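Heads up, the thing below is written out as structure tokens.
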Amino acid sequence: MSTDCPQGKDEADDFQRRAFIAAWSGDETALRDILTGDFPTLRDSDGKTLFCASMLGGVSISSLIDMGADVNALNSDGTSALFHAFLDDDGAAVAELLNCGANTWDSWFGDGTALHLAAMNDARVAIEAALRYGVSADLINASDTRGFTVLMTAVESGHHAVAAALINAGADVNAYDANRYCETALHVAAERGDRKCIELLLRAGASLEIQDSHGRRPADLYLEAHEKDSIDVEVLRMLLRELV
Numbered sequence: 004m005s006t007d008c009p010q011g012k013d014e015a016d017d018f019q020r021r022a023f024i025a026a027w028s029g030d031e032t033a034l035r036d037i038l039t040g041d042f043p044t045l046r047d048s049d050g051k052t053l054f055c056a057s058m059l060g061g062v063s064i065s066s067l068i069d070m071g072a073d074v075n076a077l078n079s080d081g082t083s084a085l086f087h088a089f090l091d092d093d094g095a096a097v098a099e100l101l102n103c104g105a106n107t108w109d110s111w112f113g114d115g116t117a118l119h120l121a122a123m124n125d126a127r128v129a130i131e132a133a134l135r136y137g138v139s140a141d142l143i144n145a146s147d148t149r150g151f152t153v154l155m156t157a158v159e160s161g162h163h164a165v166a167a168a169l170i171n172a173g174a175d176v177n178a179y180d181a182n183r184y185c186e187t188a189l190h191v192a193a194e195r196g197d198r199k200c201i202e203l204l205l206r207a208g209a210s211l212e213i214q215d216s217h218g219r220r221p222a223d224l225y226l227e228a229h230e231k232d233s234i235d236v237e238v239l240r241m242l243l244r245e246l247v
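The numbering used here puts the last residue of the sequence shown at 247; the count rises by one with no breaks.
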């Protein structure tokens, strides 16, 4: 059995192939034998680490960690195992990775946190797993490169269940995007005309008075974004409730 990561290309390719076959098949004993000594950061032909093989039903994440794998090792495209767990809405993998020390601030292509990715993709199971784990309020309210919080991303995407879970976990409903138009989640929901999100945000204490960088309140943005014949009177009443 190999005791060191091989140096020659052919030998290294064979070493990598055997390691991934063992990981994919769930053969923990074989993988431990192959990876004796320092744990190399192996990647498959798609540039993914052994953790991605684990999430396909192979050797468990905790076993890879026990063998010495780096839970924050990056795939060749710069993404992490946690990124893929959120992308696949795999709550069990998210929980296990976080319990093993995965970096929750890891970004995807520099745009935002893993929670932003999950909110955008309606990965409710993964989000709820992360929230049960107890991710920090700073992470829940973190902004992406546009200045959008995770809640704003969920609202922008119309993912009501994710938005509700974030609010229940303490997301700031009145946070605004400092990098763009100083809009809140309610501005975003109003512009979209998303009645469910508007109701959800108002019940959680979202302010109708906050103005964006152009002096527009959520009601103003709703009227600006919708033609007269497409205005929902009930939505407008909700947005004007405290302003009349």
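Backbone N, C-alpha and C fix where the C-beta goes; we use that ideal spot for every residue, glycine too.
Small disclaimer: the values here were computed from a predicted structure and weren't measured.
Ile130 and Leu118 closer than 9 Å at C-beta: Sequence index remark: in the sequence shown, residue 130 carries index 127 (1-based). Sequence index remark: in the sequence shown, residue 118 carries index 115 (1-based). Yes, Cβ-Cβ distance for Ile130 and Leu118 is below 9 Å.
Cβ-based burial, His217 [other Cβ within 10 Å; buried from 16]: Position 214 of the sequence shown, counting from 1, holds the residue named residue 217. Classification of His217: exposed, given that the 10 Å Cβ count is below 16.
Span of the alpha helix (DSSP H) around Lys199: Counting from one through the sequence shown, the residue named residue 199 turns up at place 196. Arg198 to Arg206 is the span of the alpha helix (DSSP H), which, as asked, contains Lys199.
CA-to-CA distance, Thr44 to Glu14, given in whole angstroms: Mapped onto the sequence shown, residue 14 falls at position 11. Mapped onto the sequence shown, residue 44 falls at position 41. Legend: pLDDT at Glu14 = 47, less than 50; position of this residue unreliable, no value from coordinates given.
CA nearest to the CA of Ala140, picked from Asp175, Ala228, His162 and Glu159: For the purposes of this step, residue 140 is taken as residue 137 along the sequence shown, with counting starting at 1. Selected option, being the one with the closest Cα: Asp175.
Cβ distance (whole Å) where Val138 is taken to contact Thr107 below 8 Å: Reading the sequence shown from its first residue, position 135 is the one you call residue 138. Reading the sequence shown from its first residue, position 104 is the one you call residue 107. That pair is a contact at about 6 Å.
Inter-residue spacing [alpha-carbon to alpha-carbon] between Gly248 and Tyr225: Residue 248 is absent from the model: the chain starts at 4 and stops at 247.
Same chain only: Cβ atoms within 6 Å of Val158, ignoring 5 sequence neighbours per side: On the sequence shown, residue 158 is found 155 positions in, with the first residue counted as 1. These residues qualify, in order along the chain: Ala166, Ala188, Val191, Ala192 and Cys200.
Cα-Cα separation, Leu203 to Asp125: Here the question's residue 203 lines up with position 200 in the sequence shown. Here the question's residue 125 lines up with position 122 in the sequence shown. Each residue's Cα considered, the two are about 17 Å apart.
Integer-rounded CB distance, given that Cys103 should sit under 8 Å from Val74: Counting from 1 along the sequence shown, the entry for residue 74 is found at position 71. Counting from 1 along the sequence shown, the entry for residue 103 is found at position 100. Contact holds; Cβ gap of about 5 Å.
C-alpha distance - Ser66 paired with Ala95, whole-angstrom precision: Here residue 66 refers to the residue found at position 63 when the sequence shown is read from its first residue. Here residue 95 refers to the residue found at position 92 when the sequence shown is read from its first residue. Taking the straight line from one Cα to the other gives about 15 Å.
Cβ shell of Leu134 (< 7 Å), same chain only, five flanking positions each side left out: Taking the first residue of the sequence shown as position 1, residue 134 is located at position 131. The residues are Ala168 and Ala172.
Distance, Ala145 Cα to Asp93 Cα: Indexing the sequence shown from 1 puts residue 93 at position 90. Indexing the sequence shown from 1 puts residue 145 at position 142. One C-alpha to the other measures close to 22 Å.
Presumed contact (8 Å Cβ cut-off) between Val238 and Arg195, rounded CB distance: Start at 1 with the first residue of the sequence shown, and residue 238 comes out as number 235. Start at 1 with the first residue of the sequence shown, and residue 195 comes out as number 192. Actually they are not in contact, since the Cβ atoms of Val238 and Arg195 sit about 11 Å apart, beyond 8 Å.
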